[in-house]
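First up is the structure itself, then whatever we jot down about it.
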Amino acid sequence: MSGNHGLVNDAAAANNMTDLEIGPLTSQAGVDQNVEAEAKSAHVVDWAGPDDAANPRNWSYRHKMVNILLVSLSVFYVNLATTMFAPGASVMQREFGYRSDNVEILTISIATLGSAVGQLLIPPLSEVFGRRPVYQGSAVFYLGFTVGCACSTRVAEFLVFRMLTGVAASSYMSTGGATIADLLPREERAVAMALYSSGPLLGPVLGPIVGGFVTEHLGWRWTFYLILILASSITLSHAWYWWPGQPITPLHSASVVTLASFFFTRETSAAIILKKKAARLRRETRNAKLLAAGDQQIPAGKLLRAALTRPTRILFLSPVVVLMSLLVAVNFGVIILLFSTFPAVFEAEYHWRVSYTGLAYCGVAVGCALGVAIFARLGDKLLVRKGPDGRPEERLILMMWTAPLLPGGLLVYGWTTRYGVHWVVPIVGTSICGLGLVTVGSCAQAYMVDIFGPDAAASATGAMSLLRNLAAAFLPLSAPSLYAAVGLGWGNSVLALIAALFIPLSFIFYRHGELLRNRFGVKI
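Using my numbering, read the sequence shown as starting at 44 and increasing by one per residue.
In structure tokens form, the structure reads like this:
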């Protein structure tokens, strides 16, 4: 085949090199094997060369970061939506005429339960069919289910649509890590991982701030209308950016994340791109033997079954994954449980107005933003500090430094609110929590992506997101009974103790993680 079709005879080249090293092949069997390898390699569709522009790793840095930024902003707004409704939950309760504290909490947290369900289904699909169609399909369903939430007239109807929005949103929260692995080598991922990891943390923090003002002035339904506007406004700037040859202007960087943007982004999975290239060449050349590099010709049904079971296999067969996922889940669940105390604390204890109660989340937001900046600055430097081929465990150094911050911040918040200390002090405590939460979460996500790479990063981060969302869905249900029984001081001390139990994990995995990964390897 011609070189301009990108058919690279890598296997033949490798065989020739081996022959030069060990001398000429003398047996007929050796000659036959060499001829067979050359024949097979002639039908392998690969990149046209190391600088092939179709390879996502060869895209310009700007082009890569725009793709990553779009995904990261999508992660942000779907997480913003999970808590933006929180200030309106009691308003909806009065409108629909039900009386149950647990149902009120469930109207907020059931979206994260839906996301947990989605982690088992959607991320594996991106490894079989590609990232782009998964993003596109999820965007359409997310918009439809959000309309259902906004137009609900009964609480049961609302809960169903709210859960389905979580299912649709799960693609962004897990597949985003795989997109980063597709586009960037691991020594360049810190900034991208910091942006991507900040969405699940900053979104729930900023949601109540916006939701408080929206609910007070426009009503609870407008918290969903606002998400619809944010998610579906079709702007010319996104279409203009992806039109070949057009320069970036400030309008592009300031534009809203939209559904339309995903129709102008490109596929980033190298395996999927090569499979599509092979299919095109088979049609053009009428050569049915052409196959993409790495394509094992597994039947579609078997491939899909393997992909759908991959997150659970990774979660239950790898001690590194399950324990790291538990750490992230506990931290995230604890912080969501902490959020549930803000309305009562700052309205009852500090006499804030309802619309201003959301501002209590600003402390966590500041801590999260600081954590993003720290990880972006140090994440890659710590990875390669001992050389360019640093172990994935080097990602855990920053986690070892910052893991104690969350328990410490919980203690500050709990006991200062217990004794009515000026509101600035508990807000500082929550900012310490935010800093610890983001740095630990970013390190854990980057560690998973580095371990599993583009082939299974979506499933690995999906397994982590599964436990994280289950914790976020169910832990807040214990808040009323916990704080009623022991109060804010001891209640947050219990949470701090639970979070502190996981601090040694980063030290254990830094020292023994490679051994555990090799001993309990998961076939993907």
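Beta carbons: idealized from backbone N, C-alpha and C, even for Gly.
Quick check on residue i: buried or exposed, where buried means 16 or more other Cβ atoms within 10 Å of its Cβ?
i, result
"PRO547", "exposed"
"THR196", "exposed"
"GLU64", "Confidence at GLU64 is low in this model, with a pLDDT of 35, below 50, so the placement of that residue is unreliable and no value is reported for it."
"PRO243", "buried"
"TYR120", "buried"
"GLU436", "buried"
"ASP432", "exposed"
"GLY92", "exposed"
"LEU540", "exposed"
"GLY344", "exposed"
"GLY140", "exposed"
"GLY524", "According to the sequence provided, residue 524 is Ser. The question's Gly does not apply to it. The residue is exposed, with fewer than 16 neighbouring Cβ atoms inside 10 Å."
"ALA96", "exposed"
"TYR404", "buried"
Please report the distance separating the alpha-carbon of residue i from that of residue j.
i, j, result
"LEU238", "ARG329", "45 Å"
"ALA193", "SER508", "26 Å"
"VAL134", "LEU249", "19 Å"
"PHE256", "ALA124", "14 Å"
"GLU79", "ARG205", "Confidence in GLU79 is poor, its pLDDT being 44 and thus under 50, which makes the residue's placement too unreliable to answer from."
"ILE252", "LYS429", "43 Å"
"LEU570", "ALA235", "Outside the shown range of the chain (44 to 567) lies residue 570, about which nothing can therefore be said."
"GLY219", "LEU269", "23 Å"
"SER169", "ARG175", "8 Å"
"GLU138", "HIS394", "25 Å"
"VAL171", "VAL87", "19 Å"
"PHE552", "LEU351", "27 Å"
"ILE357", "VAL388", "40 Å"
"THR445", "MET367", "15 Å"
"ALA224", "LYS424", "18 Å"
"ASP94", "TRP102", "9 Å"
"GLU259", "MET491", "41 Å"
"ASP144", "TRP265", "22 Å"
"TRP466", "VAL377", "21 Å"
"GLY564", "MET443", "24 Å"
"ILE470", "LEU449", "13 Å"
"GLU557", "ILE494", "10 Å"
"ALA335", "LYS318", "5 Å"
"LEU333", "ALA321", "6 Å"
"GLY180", "ILE111", "18 Å"
"GLY534", "VAL468", "18 Å"
"GLU390", "SER536", "22 Å"
"LEU273", "SER214", "18 Å"
Indicate whether residue i and residue j have their beta-carbon atoms separated by less than 9 Å.
i, j, result
"ALA212", "TYR185", "yes"
"VAL210", "VAL146", "no"
"THR460", "GLU392", "yes"
"ALA313", "ARG100", "yes"
"LEU441", "GLY422", "yes"
"PRO166", "PRO354", "yes"
"VAL409", "PHE382", "no"
"GLN488", "SER158", "no"
"GLY505", "SER217", "yes"
"ARG420", "ALA233", "yes"
"LEU271", "THR189", "yes"
"GLY254", "PRO130", "yes"
Less than 8 Å between the CB atoms is what I'm expecting for residue i and residue j, so what's the real figure, rounded?
i, j, result
"THR400", "TYR526", "At roughly 17 Å, the Cβ-Cβ gap does not stay under 8 Å, so THR400 and TYR526 are not in contact."
"ALA545", "THR482", "The sequence shown places Phe at residue 545, not Ala. So it is not a contact: roughly 14 Å between Cβ atoms."
Considering only C-alpha positions, which residue in the set the options is nearest to residue i?
i, options, result
"GLY583", "VAL407, ALA506, VAL203", "Outside the shown range of the chain, which is 44 to 567, sits residue 583, and nothing can be said about it."
"GLY457", "ARG434, PHE563, LEU380, GLU437", "LEU380"
"THR155", "ALA515, ALA522, SER524, GLY530", "ALA515"
"GLY530", "PHE172, LEU454, ALA322", "LEU454"
"GLY173", "THR222, THR482, VAL565, ALA336", "THR222"
"GLY451", "ARG325, VAL364, LEU480", "LEU480"
"ASN98", "GLY254, PRO228, ALA408", "PRO228"
"ARG554", "LEU439, ASN122, VAL109, GLN488", "LEU439"
"ASN122", "LYS332, GLU259, PHE375", "PHE375"
"SER549", "GLY534, ASP423, VAL363, ALA372", "VAL363"
"ALA372", "ILE475, LEU164, ALA403, PRO519", "PRO519"
"GLY484", "VAL87, LEU245, THR189, ASP144", "LEU245"
"THR308", "MET108, GLY534, ARG560", "MET108"
"GLY463", "GLY532, MET491, LEU449, MET443", "GLY532"
"HIS106", "ALA499, PHE128, LEU226, VAL190", "LEU226"
"ALA199", "THR150, MET127, GLU390", "THR150"
"CYS486", "GLU310, LEU271, LEU370, ASN535", "LEU370"
"GLN136", "LEU558, ILE272, GLY262, ASP493", "GLY262"
"LEU477", "LEU271, VAL415, GLU390", "Reading off the sequence, residue 477 comes out as Gly, not Leu. Comparing Cα-Cα distances from GLY477 to each of LEU271, VAL415, GLU390, the minimum goes to VAL415."
"LYS566", "LEU360, GLY534, ALA335", "LEU360"
"ASN512", "PRO247, MET127, ALA132", "PRO247"
"PHE201", "LEU164, ALA132, SER181, VAL468", "ALA132"
Comparing the C-beta of residue i with each C-beta of chain B, is any distance below 9 Å?
i, result
"SER103", "The structure shown contains no chain B; it is built from a single protein chain."
Sorry if obvious, but does the Cβ on residue i come closer than 8 Å to a heavy atom of the ligand ADP?
i, result
"VAL388", "Here there are no bound small molecules, and the ligand ADP is not part of this structure."
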